[in-house]
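Chemist: Chains as they are written, first to last, in my numbering: chain Y, 11 to 174; chain P, 50 to 436.
Glycine included, every Cβ here is placed at the ideal spot set by N, Cα and C.
Have a look at this one before I ask anything.
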């Protein structure tokens, strides 16, 4: 038997998969998304033990294991608690396409909430964004809302940037 | 732990961006061969195997089955872990627990990732709940940009201080034959001039994407002493979670709750009061330059807000008071599933005196950490003398 000839690189096998998933959002997300879609309301749940208002809403407080017993309105304004401007190309897993860059991306602490949510910023110039800056939710028009977090398009500065 | 386990052997592949020449099982086999071969062990001496990676990155299911023969696991107890960036450290912790519990005498721990074969950044977003976070996530990089901003605001750390970490990592990597990014001439200016990815993070502030595997052999005290004259004794392990949502932790990177919990626990178990003075070396999971500085603080190497001063003062350099990541760390090498096991393996090599050109002289006590998206941390203390 002749020896196996040397190879520089092994065979590559291409595989393209197109899997589709369908998740149950659950009772808490469903109620939240319904209020967002129908009334442009943002809500959290209050922990019965530590009194913190948690957004996203959930049945049990992760920090103290207390039950949440009350739905409360939060926002639609709040403050930025962390931020970046994404400048690296990135495939959006919700669409399968590259998300247009640059875009502002932040932790938002909505008024009345004790936790932060991730969302997009209207502003994409890094030097026009700061921690502590007040922002407010920009909602899609009612007919276009479909009961997802994308019913909030992004958050916009309450005060326009200094050069505008 | 009631009983003790010790690391007796370590093996790694030479980590690179793309291993086009080998399949995943072949790549993993290389690490296992190097690990067992380093102490003239053979697969017959292994009682059980623990293996970990992130299946979604490569799009494979049941990977432990199709590498069972390659790693000598067929017919043996084989456990698979799959828990994000921490998985490699979890493999080490699980292997230590399996030995210390008395169930098995010799356990082989394996972790690997072949990032070049899949879609890591998009796969990472599936960590987020589809209703709340997945739709707005931006892979690891955007998430780190936001987290780094919270640390900068809290500590006043500068881009120059972060760049010094990036430089330290790539220079240390030049002394490690297994490291991926080796840049002997890299400068702070070069880091500061590299392309902005997600402010404040520039290209050279981030870890690379690597293909690689790592293996360790964990054994009971009696078996360990038979296998090697100076094993690395696993004296304390801990794993700690945070809550589900990214935004639940108010200061994220600036006060990394899961890392504080895990490291405080192992310090307490190991009787360590002043980690900066009592640790001889640390191999920490620093996916970004800013993260390393923040972790100095959460790991109590310094006071809050002093992470930048620690690198300015050279404390964590190879010849400093507490060298951090003499291997070059995650900033130089990141086959994600393997990355946290490499931290434990490198800490063990330092204790065993087998780290070669990046050996820190006289290491008795070493810390290794694992990191999983800020929400999950692991910490391991290894020592040169039996507890």
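Just verifying my parser: in three-state terms, what is the DSSP assignment at residue 293/P?
Modeler: The residue you call residue 293/P lines up with position 244 of the second chain. Correct three-state label for residue 293/P: coil.
Chemist: Checking contacts by CB at 9 Å: is residue 91/Y closer than that to chain P?
Modeler: Numbered from 1 along the first chain, position 81 holds the residue referred to as residue 91/Y. At least one chain P Cβ lies under 9 Å of residue 91/Y.
Chemist: Determine, for residue 117/Y, whether the minimum Cβ-Cβ distance to residues of chain P falls below 9 Å.
Modeler: Indexing the first chain from 1 puts residue 117/Y at position 107. Yes, its Cβ sits closer than 9 Å to a Cβ of chain P.
Chemist: Contact criterion: CB-CB distance below 9 Å. Does residue 59/Y meet it with respect to chain P?
Modeler: Looking up residue 59/Y in the first chain gives position 49. Not closer than 9 Å to any Cβ of chain P, the Cβ of residue 59/Y fails to qualify, so no.
Chemist: Just curious, the beta strand (DSSP E) that residue 115/P is in, first and last residue?
Modeler: Working through the second chain from its first residue, we reach residue 115/P at position 66. Unbroken run through residue 115/P is the alpha helix (DSSP H), 112-115; no beta strand (DSSP E).
Chemist: Apart from the five residues just before and just after residue 74/P, which ones in its own chain have a Cβ nearer than 7 Å to its Cβ?
Modeler: On the second chain, residue 74/P is found 25 positions in, with the first residue counted as 1. Closer than 7 Å at the Cβ level, and outside the excluded window around residue 74/P, lie 115, 116 and 119.
Chemist: Name the chain Y residues that come within less than 8 Å of residue 259/P, Cβ to Cβ?
Modeler: Position 210 of the second chain, counted from the start, is the residue given in the question as residue 259/P. Those within 8 Å of residue 259/P in chain Y number zero; the least Cβ separation is about 18 Å.
Chemist: State the DSSP-derived secondary structure class of residue 213/P, mapped to helix, strand or coil.
Modeler: Here residue 213/P is taken as the residue at index 164 of the second chain, counted from 1. Reduced to three states, the DSSP call for residue 213/P is helix.
Chemist: Which residues of chain P have a Cβ atom closer than 7 Å to the Cβ of residue 98/Y, listed in chain order?
Modeler: Within the first chain, numbered from 1, the residue matching residue 98/Y stands at position 88. Correct list: 190, 246 and 247.
Chemist: Could you give the DSSP three-state label for residue 129/P: helix, strand or coil?
Modeler: If you number the second chain from 1, residue 129/P lands on position 80. Residue state, collapsed to three classes: strand.
Chemist: Hey, is residue 149/Y's beta-carbon within less than 9 Å of any beta-carbon in chain P?
Modeler: The count along the first chain starts at 1 and reaches residue 149/Y at position 139. By this cut-off, residue 149/Y is not an interface position.
Chemist: Residue 136/P lies in the alpha helix (DSSP H); which residues open and close that run?
Modeler: Mapped onto the second chain, residue 136/P falls at position 87. Per DSSP, residue 136/P belongs to the alpha helix (DSSP H) from 136-149.
Chemist: Whole angstroms are fine: how far does the CA of residue 349/P sit from the CA of residue 170/Y?
Modeler: For the purposes of this step, residue 170/Y is taken as residue 160 along the first chain, with counting starting at 1. For the purposes of this step, residue 349/P is taken as residue 300 along the second chain, with counting starting at 1. Distance between the alpha carbons of residue 170/Y and residue 349/P is about 41 Å.
Chemist: How big is the Cα-Cα spacing for residue 248/P and residue 155/P?
Modeler: Taking the first residue of the second chain as 1, we reach residue 248/P at position 199. Taking the first residue of the second chain as 1, we reach residue 155/P at position 106. Going from the Cα of residue 248/P to the Cα of residue 155/P covers about 46 Å.
Chemist: Given a cut-off of 9 Å, decide if residue 327/P and residue 418/P are closer than it, judged by their beta-carbon atoms.
Modeler: Within the second chain, the letter at position 369 stands for residue 418/P. Within the second chain, the letter at position 278 stands for residue 327/P. In this structure, residue 327/P does not lie closer than 9 Å to residue 418/P by Cβ.
Chemist: If residue 430/P sits next to residue 267/P, beta carbons under 8 Å apart, how far is it from one beta carbon to the other, in whole angstroms?
Modeler: Working through the second chain from its first residue, we reach residue 430/P at position 381. Working through the second chain from its first residue, we reach residue 267/P at position 218. Residue 430/P to residue 267/P, Cβ: 15 Å. No contact.
Chemist: Note down, in chain order, all residues in the stretch 65-87 of chain P with a beta-carbon under 9 Å from any beta-carbon belonging to chain Y.
Modeler: Listed in sequence order: 69, 70, 71, 72 and 75.
Chemist: Is residue 417/P close to chain Y, meaning its C-beta is less than 9 Å from at least one C-beta of that chain?
Modeler: If you number the second chain from 1, residue 417/P lands on position 368. No, its Cβ sits nowhere closer than 9 Å to a Cβ of chain Y.
Chemist: Residues of the stretch 308-341 of chain P in Cβ contact with chain Y at a cutoff of 8 Å, in chain order, please.
Modeler: Answer in chain order: no residues at all.
Chemist: Can you name the start and end residues of the alpha helix (DSSP H) that residue 106/P belongs to?
Modeler: Here residue 106/P refers to the residue found at position 57 of the second chain. Start and end: 104-107.
Chemist: Let me check one thing: in DSSP terms, what residues is residue 267/P bridge-paired to?
Modeler: Residue numbering aside, residue 267/P sits at position 218 when the second chain is read from its first letter. Looking at the DSSP assignment, residue 267/P forms a beta bridge with 56/P and 156/P.
Chemist: Where does residue 318/P fall in DSSP's three states?
Modeler: Along the second chain, one-based indexing puts residue 318/P at 269. Looking at residue 318/P - three-state DSSP - the assignment turns out to be helix.
Chemist: Which first and last residues belong to the alpha helix (DSSP H) in which residue 427/P is found?
Modeler: In the second chain, residue 427/P corresponds to position 378, counting from 1. From DSSP, residue 427/P is part of no alpha helix (DSSP H) but of the beta strand (DSSP E) over 425-432.
Chemist: Does any residue of chain Y bring its CB to less than 9 Å from the CB of residue 346/P?
Modeler: In the second chain, the residue the question calls residue 346/P occupies position 297. So no, residue 346/P is outside the interface.
Chemist: For residue 389/P, count neighbouring C-beta atoms within 10 Å of its own C-beta (all shown protein chains included) and say buried if the count is 16 or more, exposed if not.
Modeler: Taking the first residue of the second chain as 1, we reach residue 389/P at position 340. By the 10 Å Cβ count, residue 389/P comes out buried.
Chemist: Could you give the distance in angstroms between the alpha-carbon of residue 246/P and the alpha-carbon of residue 153/Y?
Modeler: Indexing the second chain from 1 puts residue 246/P at position 197. Indexing the first chain from 1 puts residue 153/Y at position 143. When rounded, the distance between both Cα atoms is 36 Å.
Chemist: When DSSP labels each residue in this structure, what does residue 245/P get in the three-state scheme?
Modeler: The count along the second chain starts at 1 and reaches residue 245/P at position 196. Residue state, collapsed to three classes: strand.
Chemist: Measure from the C-beta of residue 253/P to each C-beta in chain Y and report whether the shortest distance is under 9 Å.
Modeler: Numbered from 1 along the second chain, position 204 holds the residue referred to as residue 253/P. Output row for residue 253/P: interface = no.
Chemist: If you follow the alpha helix (DSSP H) that residue 173/P is part of, which residue opens it and which one closes it?
Modeler: Along the second chain, read from residue 1 onward, the residue named residue 173/P stands at position 124. Unbroken alpha helix (DSSP H) run through residue 173/P: 169-173.
Chemist: For residue 194/P, tell me which candidate among 58/P, 338/P, 168/P and 229/P has the shortest Cα-Cα distance.
Modeler: Along the second chain, one-based indexing puts residue 194/P at 145. Residue 194/P has its Cα closest to that of 338/P, out of 58/P, 338/P, 168/P and 229/P.
Chemist: Quick check: the Cα distance between residue 434/P and residue 90/P, rounded to an integer number of angstroms?
Modeler: Along the second chain, one-based indexing puts residue 434/P at 385. Along the second chain, one-based indexing puts residue 90/P at 41. Residue 434/P and residue 90/P: Cα-Cα distance of roughly 22 Å.
Chemist: How about the stretch 164-172 of chain P and the stretch 133-149 of chain P: do they share at least three Cβ pairs that are nearer than 8 Å?
Modeler: Touching, no.
Chemist: What residue from 85/P, 64/P and 153/P has the CA that sits closest to residue 97/P's CA?
Modeler: On the second chain, residue 97/P is found 48 positions in, with the first residue counted as 1. When each option's Cα is compared against that of residue 97/P, the closest is 153/P.
Chemist: CA-CA distance, residue 67/Y and residue 271/P?
Modeler: On the first chain, residue 67/Y is found 57 positions in, with the first residue counted as 1. On the second chain, residue 271/P is found 222 positions in, with the first residue counted as 1. So the alpha carbons of these two residues sit roughly 53 Å apart.
Chemist: Let me see if you follow: with CB-CB separation under 9 Å, is residue 111/P close to chain Y or not?
Modeler: The residue given as residue 111/P occupies position 62 in the second chain. Chain Y, which has no Cβ nearer than 9 Å to the Cβ of residue 111/P, makes this no.
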